[in-house]
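A.B. asks: The structure's right below; bear with me while I get my questions together.
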Amino acid sequence: MNSIFVNSKDVFLDIVNANDYVQLDRVSTIYQSLKDSIKKPLKMILLYGKPGTGKSMFLSKLHKDLSSSQDVYLYQTPILDESEFYKTLAQDIFKVKYSGELNFTQFMKIVENKKKEEVPVVLLDEAQLYSEALMEKIRLLSDTRSVKFVITLHKTEKEDLIAKEHFQTRIWESIELENASSTELKIYIQKKLMKANCFDSANMFTPSAVNRIHKITNGNYRDSNKLLYTLFDLYTIYEQNHQLSKLKTSQISSKLIEMAAIHTGLINA
Amino acid sequence: MLNIIELEHRWLRYKIKSLIPLIVITISLFIIAIIIFSFSSSSNKDTLGHIDTPIITPSTQIKVELKKEPIIKVAQEKRDVIKEQITKVHPKQLHGNKEKSQKVKLSPSLDFMKKMQNAVHPYYQNNTADDSYETDTQQAIQMKSVPKVQTVKAKPVNISVKKIDNRIQIKRQNTQNDIYDIIKRFKKNNNPALSLFVAKKYYELGNYRQAYNYALMTNKINNEIESSWIIFSKSLVKLGKKEKATKTLKKYIAQSHSSSAQILLDEIQSGKFR
Numbered sequence: 004m005n006s007i008f009v010n011s012k013d014v015f016l017d018i019v020n021a022n023d024y025v026q027l028d029r030v031s032t033i034y035q036s037l038k039d040s041i042k043k044p045l046k047m048i049l050l051y052g053k054p055g056t057g058k059s060m061f062l063s064k065l066h067k068d069l070s071s072s073q074d075v076y077l078y079q080t081p082i083l084d085e086s087e088f089y090k091t092l093a094q095d096i097f098k099v100k101y102s103g104e105l106n107f108t109q110f111m112k113i114v115e116n117k118k119k120e121e122v123p124v125v126l127l128d129e130a131q132l133y134s135e136a137l138m139e140k141i142r143l144l145s146d147t148r149s150v151k152f153v154i155t156l157h158k159t160e161k162e163d164l165i166a167k168e169h170f171q172t173r174i175w176e177s178i179e180l181e182n183a184s185s186t187e188l189k190i191y192i193q194k195k196l197m198k199a200n201c202f203d204s205a206n207m208f209t210p211s212a213v214n215r216i217h218k219i220t221n222g223n224y225r226d227s228n229k230l231l232y233t234l235f236d237l238y239t240i241y242e243q244n245h246q247l248s249k250l251k252t253s254q255i256s257s258k259l260i261e262m263a264a265i266h267t268g269l270i271n272a
Numbered sequence: 009m010l011n012i013i014e015l016e017h018r019w020l021r022y023k024i025k026s027l028i029p030l031i032v033i034t035i036s037l038f039i040i041a042i043i044i045f046s047f048s049s050s051s052n053k054d055t056l057g058h059i060d061t062p063i064i065t066p067s068t069q070i071k072v073e074l075k076k077e078p079i080i081k082v083a084q085e086k087r088d089v090i091k092e093q094i095t096k097v098h099p100k101q102l103h104g105n106k107e108k109s110q111k112v113k114l115s116p117s118l119d120f121m122k123k124m125q126n127a128v129h130p131y132y133q134n135n136t137a138d139d140s141y142e143t144d145t146q147q148a149i150q151m152k153s154v155p156k157v158q159t160v161k162a163k164p165v166n167i168s169v170k171k172i173d174n175r176i177q178i179k180r181q182n183t184q185n186d187i188y189d190i191i192k193r194f195k196k197n198n199n200p201a202l203s204l205f206v207a208k209k210y211y212e213l214g215n216y217r218q219a220y221n222y223a224l225m226t227n228k229i230n231n232e233i234e235s236s237w238i239i240f241s242k243s244l245v246k247l248g249k250k251e252k253a254t255k256t257l258k259k260y261i262a263q264s265h266s267s268s269a270q271i272l273l274d275e276i277q278s279g280k281f282r
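For the record, the sequence lines run as chains U and G. At position 132 of the first sequence the residue is numbered 135 (the numbering used here), and the sequence of numbers has no breaks. At position 229 of the second sequence the residue is numbered 237 (the numbering used here), and the sequence of numbers has no breaks.
Okay, here's the thing in structure tokens:
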């Protein structure tokens, strides 16, 4: 039987899984507004925020929730080749297999011929990786109202520019995701642990311990996951070395939080 | 697997590094606090000291103690420059109704002496043993003939305050120590005002040899002081060297046209001054 620390460690593995999605008040509101936006006759929806704010998880959760009721397609990894991009969409959305090169004109013909009653929703993650030319094509495609796009962007100056140039007039909804506050982070950690039945370790997170973590990670979910994974890894090693008596087990040790932060590079020591 | 030992070392280094500014700030604040505390306590002491300085005796009797010291006024060349101050301080002025009477010791400020020290060239450094010499303008006068000065004890003048029938009677008490004190100062700074004062003092006390000697010293330092010439001449007359005195005075009059010297010369020649 695994110790509580091993189980807790696995909770914070950095993987995007809709089943691990944690409902937080603010995030729930945003999620609901996103779901509502999809029902609207929007051409495009932009989801943006700093790396690690949960954009990918958002898309994953949206895909999971909508897939039962709507024609929705998620592309977590960007398809950078234009022909490949059109071919993938033609095959997934319109069930048209195309051998050889497929250009934009040919793809538009397919879209026109196979137009669906219910507009399919395409979820594109990491859209900042697409080329400008491809983004322009996506914009033209969305103008036909044959396909609805939900795209995620990292919030940087460059990506803001892309958003400005290509989507300003077309995006009807833009949603920003932000880092968690200290309270949200505590709920996030505890909910995640309790979901995995790690109640003891969930109880170890006192407000001061969470504040310390928040101070280090600035409430970034990805950084927090990384830190917490290493933290429980350290606990596991101390337990294996029978050195757990050195540490307080009633609450998360500040020393171990800092050690984990040093190891993950969040603290420069 | 994580290297716990290495990570603990790194953590320890980080901890020390992060604590350094805190420690430095704490130590500096502590030092500043100590400095401020010591400064404030010392200033408090000073303030208290000022209040406690006057000697106050809680009695109904009025006691006045005099401390006398001579003060030389260089510019005016007055004969006696002993300044005496008697101050009655009413206790109410300092301590309200607690004290009824008090006695205050006042001493004259001798700061001007210190100022003079820097202005005059040392005399005794070059002339330690030779107490008979010639002045620049009196080459004709043979100073070697002047006998060596013997220290003559002056009779002390006592000043005391007695309370008799509610009247304060003041008697002045002049001691030889005052002159010694001035001589000591003169030896330090070679101020002609001091030597002139000593000369005058010795003359008053009847010690004409010393008066002659100190007048001569004054003259050596500054030969333009009229009083030194007059005391010098007067002392010579008193020592029975009338001729030398008239000769000296004539030379001085020829040079300075001093009316005081002329009057003295006339008095010596007419026999009024003996």
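Glycine residues also receive a C-beta, built at the ideal position from the N, C-alpha and C atoms. Nothing here was measured: the structure is a model prediction, and the numbers come from that model.
Please state the DSSP three-state secondary structure of residue 157 of chain U.
C.D. replies: As a first step, residue 157 of chain U must be located in the first sequence, where it is residue number 154. If DSSP states are grouped into helix, strand and coil, residue 157 of chain U belongs with the strands.
A.B. asks: Indicate whether the contact test is met: 3 or more Cβ pairs, each with one atom in the region 223-236 of chain G and one in the region 247-255 of chain G, closer than 8 Å.
C.D. replies: The region 223-236 of chain G is not in contact with the region 247-255 of chain G.
A.B. asks: Taking the straight line between their C-alpha atoms, what separation do you get for residue 32 of chain G and residue 260 of chain U?
C.D. replies: To locate residue 32 of chain G, count along the second sequence from 1; it is residue 24. To locate residue 260 of chain U, count along the first sequence from 1; it is residue 257. Answer to the nearest angstrom: the Cα atoms are 25 Å apart.
A.B. asks: So, is the C-beta of residue 28 of chain G closer than 9 Å to a C-beta in chain U?
C.D. replies: Translated into the one-based positions of the second sequence, residue 28 of chain G becomes position 20. Taking Cβ atoms only, chain U never reaches closer than 9 Å to residue 28 of chain G, which makes this a no.
A.B. asks: Suppose the cutoff is 8 Å on Cβ atoms and the five residues either side in sequence are ignored; what does the same chain contact list for residue 191 of chain U look like?
C.D. replies: Counting from one through the first sequence, the residue named residue 191 of chain U turns up at place 188. Here the set comprises 25, 27, 183, 224, 227.
A.B. asks: CB-CB under 7 Å to residue 263 of chain U, same chain, minus the five flanking residues each way: which ones, in chain order?
C.D. replies: Residue numbering aside, residue 263 of chain U sits at position 260 when the first sequence is read from its first letter. Here the set comprises 230, 233, 234, 237.
A.B. asks: Please determine if the region 99-110 of chain U and the region 54-61 of chain U are in contact, where contact requires at least 3 C-beta pairs separated by less than 8 Å.
C.D. replies: In short, these stretches do not touch, since the Cβ pair count stays below three.
A.B. asks: Rank G/24, G/282, G/193 by C-alpha distance to the C-alpha of residue 244 of chain G and give the top, closest one.
C.D. replies: Working through the second sequence from its first residue, we reach residue 244 of chain G at position 236. Among G/24, G/282, G/193, the Cα nearest to that of residue 244 of chain G belongs to G/282.
A.B. asks: With respect to the alpha helix (DSSP H) encompassing residue 138 of chain U, which residues constitute its N-terminal and C-terminal limits?
C.D. replies: What you label residue 138 of chain U is simply residue 135 of the first sequence in a count that begins at 1. Its alpha helix (DSSP H) spans residues 135-146.
A.B. asks: Would you say residue 262 of chain U lies against chain G (beta-carbon separation less than 9 Å)?
C.D. replies: Working through the first sequence from its first residue, we reach residue 262 of chain U at position 259. Yes, contact with chain G.
A.B. asks: Please confirm whether residue 22 of chain G has its beta-carbon closer than 9 Å to some beta-carbon of chain U.
C.D. replies: One-based indexing of the second sequence puts residue 22 of chain G at position 14. Interface residue, yes.
A.B. asks: Taking the CB atoms as reference points, tell me whether residue 197 of chain U and residue 253 of chain U lie closer together than 9 Å.
C.D. replies: Position 194 of the first sequence holds residue 197 of chain U. Position 250 of the first sequence holds residue 253 of chain U. Not a contact, by the Cβ cut-off of 9 Å.
A.B. asks: Does the region 83-92 of chain U come within contact of the region 56-71 of chain U, defined as at least 3 CB pairs closer than 8 Å?
C.D. replies: With a cut-off of 8 Å, the region 56-71 of chain U and the region 83-92 of chain U do not count as touching, because too few Cβ pairs lie within range.
A.B. asks: Using 8 Å as the cut-off, can you tell me whether the region 141-150 of chain U makes contact with the region 117-132 of chain U, which would need three or more C-beta pairs spanning the two stretches below that distance?
C.D. replies: Counting Cβ pairs under 8 Å, three or more are found: they touch.
A.B. asks: What in chain G is Cβ-close to residue 217 of chain U, meaning under 7 Å?
C.D. replies: On the first sequence, position 214 is the one that residue 217 of chain U refers to. Correct list: empty, because the minimum Cβ distance to chain G is about 18 Å.
A.B. asks: Please list the terminal residues of the continuous beta strand (DSSP E) segment that includes residue 47 of chain U.
C.D. replies: For the purposes of this step, residue 47 of chain U is taken as residue 44 along the first sequence, with counting starting at 1. Element bounds for residue 47 of chain U: 47-52.
A.B. asks: So which of G/202, G/22, G/213, G/203 has the shortest CA-CA distance to residue 184 of chain G?
C.D. replies: Position 176 of the second sequence, counted from the first residue, corresponds to residue 184 of chain G. Per the Cα distances, G/213.
A.B. asks: Which residue or residues does DSSP assign as beta-bridge partners of residue 151 of chain U?
C.D. replies: For the purposes of this step, residue 151 of chain U is taken as residue 148 along the first sequence, with counting starting at 1. Answer by DSSP bridge pairing, in chain order: U/124.
A.B. asks: Using the Cβ count rule (16 or more neighbours within 10 Å means buried), how would you classify residue 279 of chain G?
C.D. replies: Counted from its first residue, the second sequence places residue 279 of chain G at position 271. So residue 279 of chain G counts as exposed.
A.B. asks: In terms of DSSP beta bridges, what is residue 75 of chain U paired with?
C.D. replies: Numbered from 1 along the first sequence, position 72 holds the residue referred to as residue 75 of chain U. Looking at the DSSP assignment, residue 75 of chain U forms a beta bridge with U/124.
A.B. asks: Quick check on residue 237 of chain U - is its C-beta less than 9 Å from some C-beta in chain G?
C.D. replies: Along the first sequence, one-based indexing puts residue 237 of chain U at 234. Yes, its Cβ sits closer than 9 Å to a Cβ of chain G.
A.B. asks: Run through DSSP, which three-state label would residue 180 of chain U get?
C.D. replies: Sequence index remark: in the first sequence, residue 180 of chain U carries index 177 (1-based). Of the three classes helix, strand and coil, the one that applies to residue 180 of chain U here is strand, per DSSP.
A.B. asks: Who are the neighbours of residue 258 of chain U on chain G, taking C-beta pairs under 8 Å?
C.D. replies: Your numbering for residue 258 of chain U matches position 255 in the first sequence. Within 8 Å Cβ-Cβ: 19.
A.B. asks: Considering only the alpha carbon of each residue, which of U/49, U/34, U/202 lies closest to residue 158 of chain U?
C.D. replies: Your numbering for residue 158 of chain U matches position 155 in the first sequence. Taking only the C-alpha atoms, the option nearest residue 158 of chain U is U/49.
A.B. asks: Buried or exposed: residue 265 of chain U, going by 16 or more other Cβ atoms within 10 Å of its Cβ?
C.D. replies: Start at 1 with the first residue of the first sequence, and residue 265 of chain U comes out as number 262. Buried, by the Cβ-count rule.
A.B. asks: Of all the options U/37, U/269, U/51, which has the alpha carbon lying nearest to the alpha carbon of residue 156 of chain U?
C.D. replies: Here residue 156 of chain U refers to the residue found at position 153 of the first sequence. Checked all of U/37, U/269, U/51; the closest Cα to residue 156 of chain U is U/51.
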